[in-house]
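If you count the sequence shown from 1, position 316 lands on 387 in the numbering used here, and the numbers rise without skipping.
Think of the CB as a built atom: it goes at the ideal place given N, C-alpha and C, for glycine as much as any other residue.
Predicted, not measured: the structure shown is a model, and the values here were computed from it.
Please read the structure below before turning to the comments.
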Amino acid sequence: MTPLSLSASTPPAVLAQLSVDAAVQFVLDSVWGTALDGIAGLTGIDMLASPFMQRAYLAAICIAIIGALVGSFLVHREMAMIGDTLAHSAFAGVAVGLFVNATFSVVVAPFVTALLVAAVAALLVQSLVDYAGAYRDTSLAIVLTGSFAVGSILVTATDGGIAVGINAYLFGSLATVSRLNAAILLGLSVVVTAAVAVAYRPLVFVTFDEIGARAAGIHVTRYNQLLAVLTAVVVVGAMQIMGVILVAGMLVIPVAAATPVRGFKRAIGVAVGVGLIATTAGVTLSYQYDIAAGGTIVLVAIALYTVSKLSVRVRHRLARRTQASSAAAASQPVTADGGDDK
């Protein structure tokens, strides 16, 4: 079929799908795949030439970036546990997708249903805080337990038939990063990064001074809802590798490791760096030793957090010793110089 006949007779929906497929192939194969193939040829690391690991590394980089971007706002709002809540909501979404596939013989991607359910749960959490008068931790507990209850009911409703398929989402697995999921995660990462860039100033204002933001005329509820939905996107994206149980780690630990850094933008940059080291090292160790990717990433992140805290304590001790030495030197009596009389 020639391009002319294709454009003349093919429906617009098919043309759009072909355009998307071409874009995905260009990014994943021509750009990302070629780059890692080149690095593999230069370094002799055959793992980098595997399409399977290329997708895993791409997902790891995306998770590190968007996790630090969104997590920085959550940690400073003392809302770190919303990641865990939305992860359990995403678990319910995965269960919905698998249940529909098993019961009605309809092909529904669990990744998509997880994203939809997590986004609804994020808005529900914020609505309970804004309109139902519930405390934030109360609303988180309600949505968390309710979502997990729905997921557990759907799993048992099929006599355990979908339990095997859902295990990978509970604990994370490199095998779940399919070509389609990698492309979706890359697209979601672009959307999250663009949204944070556009709404950065009001998000910072609302994060550090919500009362002042309301007084300044900023629509606080709208930005709270935006942050909640972005959190849901990050959670569902990270769930592929991290799993439901550990997904909140990438929203919290890299940001906590960067808290000693002064300046919010610089702290975000450091958090992204910590996340990149943790995810890439975790994926590599997971592949090399055939161990859980999510658990490995979290342990590497905790190790980096520990190093960060220890370095701060060492700097403080050195600073105190320097101050004590300076004070001691300043307190010593000054002996008069005898001059030529000696």
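Problem set entry | TYR358 - DSSP class collapsed to helix/strand/coil | helix
Problem set entry | With 16 other Cβ atoms within 10 Å as the buried cut-off, status of GLY283 | exposed
Problem set entry | Cβ pair count under 8 Å reaching 3, the stretch 302-314 against the stretch 328-337 | no
For this session: With a threshold of 16 other CB atoms inside 10 Å of the CB of TYR376, please say whether the residue is buried or exposed.
Result: buried
Problem set entry | Which of helix, strand or coil DSSP assigns to HIS159 | helix
Exercise. Relative to the C-alpha of LEU298, which residue among ALA189, VAL371 and VAL345 is closest?
Worked result: Out of ALA189, VAL371 and VAL345, ALA189 has the C-alpha closest to the C-alpha of LEU298.
Problem set entry | Coil, strand or helix - MET152 by DSSP | coil
Problem set entry | GLN197 versus ILE110, THR209 and THR350, residue with shortest Cα-Cα distance | THR209
For this session: Please say whether ALA303 and SER193 have beta carbons closer to each other than 8 Å?
Result: Per the sequence shown, residue 193 should be read as Ala rather than Ser. Yes, the Cβ-Cβ distance between ALA193 and ALA303 is below 8 Å.
For this session: Could you tell me the distance, in whole angstroms, from the CA atom of GLY168 to the CA atom of ALA131?
Result: Approximately 24 Å between the Cα atoms of the pair.
Problem set entry | Distance between VAL385 and SER397 (C-alpha atoms, nearest Å) | 18 Å
For this session: In the DSSP assignment, find the alpha helix (DSSP H) that holds VAL147 and state where it starts and stops.
Result: Note on residue identity: the sequence assigns His, not Val, to residue 147. DSSP places HIS147 in the uninterrupted alpha helix (DSSP H) bounded by 122-147.
Exercise. Using a Cβ-Cβ cut-off of 6 Å (strictly less than) and excluding sequence neighbours within five positions of THR184, which residues of its own chain qualify?
Worked result: GLY164, VAL167 and GLY168
Exercise. Can you tell which of ALA139, LEU99, GLU281 and TYR358 has the C-alpha that lies nearest to the C-alpha of ASP117?
Worked result: TYR358
Exercise. For GLY417 versus PHE162, is the C-beta spacing smaller than 8 Å?
Worked result: It is not possible to answer for residue 417, since the shown part of the chain is limited to 72 through 413.
Exercise. Can you give the beta carbon distance from THR278 to PHE97, rounded, assuming they're within the 8 Å contact cut?
Worked result: Contact doesn't hold; Cβ gap of about 37 Å is too wide.
Exercise. Beta carbon of ALA349, beta carbon of VAL326: below 8 Å?
Worked result: no
Exercise. Quick one: what does DSSP say ARG333 is sitting in, helix, strand or coil?
Worked result: coil
Exercise. Using the C-alpha atoms, what's the distance from SER402 back to ALA268?
Worked result: 53 Å
Exercise. How far does the alpha helix (DSSP H) with SER396 in it reach, from first residue to last?
Worked result: 364-402
Exercise. Excluding the five sequence neighbours on either side, which residues of its own chain have a C-beta within less than 6 Å of the C-beta of PHE182, listed in chain order?
Worked result: ASN252
Exercise. Would you report the Cα separation of PRO273 and GLY288, rounded to the nearest angstrom?
Worked result: Cα atoms of PRO273 and GLY288: separation of roughly 10 Å, rounded to the nearest angstrom.
Exercise. What separation, rounded to the nearest whole angstrom, lies between the Cα atoms of GLY109 and ALA120?
Worked result: 8 Å
Problem set entry | Cβ neighbour criterion (16 or more within 10 Å) applied to ASP280 | exposed
For this session: Compare the C-alpha of GLY344 against each of VAL95, ALA139, ALA93 and ALA94 and name the closest.
Result: ALA139
For this session: Express the C-alpha separation of ALA158 and GLY365 in angstroms, rounding to a whole number.
Result: So the two alpha carbons sit approximately 13 Å from each other.
For this session: Can you give me the start and stop residues for the alpha helix (DSSP H) that ILE224 sits inside?
Result: 207-228
For this session: Please state if the CB of SER260 and the CB of CYS133 are separated by a distance shorter than 8 Å.
Result: yes
Exercise. What separation, rounded to the nearest whole angstrom, lies between the Cα atoms of ALA395 and ILE255?
Worked result: 57 Å
Problem set entry | N-terminal and C-terminal residue of the alpha helix (DSSP H) that ALA320 is part of | Residue identity check: residue 320 is Gly in the sequence provided, not Ala. First-last of the alpha helix (DSSP H) with GLY320: 320-328.
For this session: Look up LEU317 in the DSSP assignment and say whether it is helix, strand or coil.
Result: coil
For this session: Can you have a look at LEU381 and say buried or exposed, based on whether 16 or more other CB atoms are within 10 angstroms of its CB?
Result: exposed
Exercise. Would you call the CB atoms of TYR128 and THR264 closer than 8 Å?
Worked result: no
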